[in-house]
Amino acid sequence: MAISWNKVTLRLTTQRTGHTITELDRRLAARVDTLAAQ
Numbered sequence: 077m078a079i080s081w082n083k084v085t086l087r088l089t090t091q092r093t094g095h096t097i098t099e100l101d102r103r104l105a106a107r108v109d110t111l112a113a114q
């Protein structure tokens, strides 16, 4: 996570599933998008 003036950057990786995107990854991304839109 990098925090700078008026900007937060999240970088996520999934190693447990062989670097594939899981349903949990999609849910987390949707929640982050919702928070960012506020």
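Residue numbering for the sequence shown follows this note's numbering, beginning at 77 and increasing consecutively.
Even for Gly, the Cβ is constructed at its ideal location relative to N, Cα and C.
Can you give me the Cβ contacts of ASP101 inside the same chain, cut-off strictly under 8 angstroms, excluding the 5 residues immediately before and after it? Position 25 of the sequence shown, counted from the start, is the residue given in the question as residue 101. Excluding residues within five positions, the ones whose Cβ falls inside 8 angstroms are LEU88, THR90.
Backbone secondary structure at THR110 - three-state DSSP: Residue numbering aside, residue 110 sits at position 34 when the sequence shown is read from its first letter. Helix at THR110.
Can you list, in chain order, the residues of its chain with a C-beta nearer than 8 angstroms to that of HIS95? Leave out the 5 residues immediately preceding and following it. For the purposes of this step, residue 95 is taken as residue 19 along the sequence shown, with counting starting at 1. Answer for HIS95: THR89, listed in chain order.
Rounded C-alpha distance that separates ALA78 from THR98: Locating residue 78 in the sequence shown gives position 2, counting from the first residue. Locating residue 98 in the sequence shown gives position 22, counting from the first residue. Distance between the alpha carbons of ALA78 and THR98: 24 angstroms.
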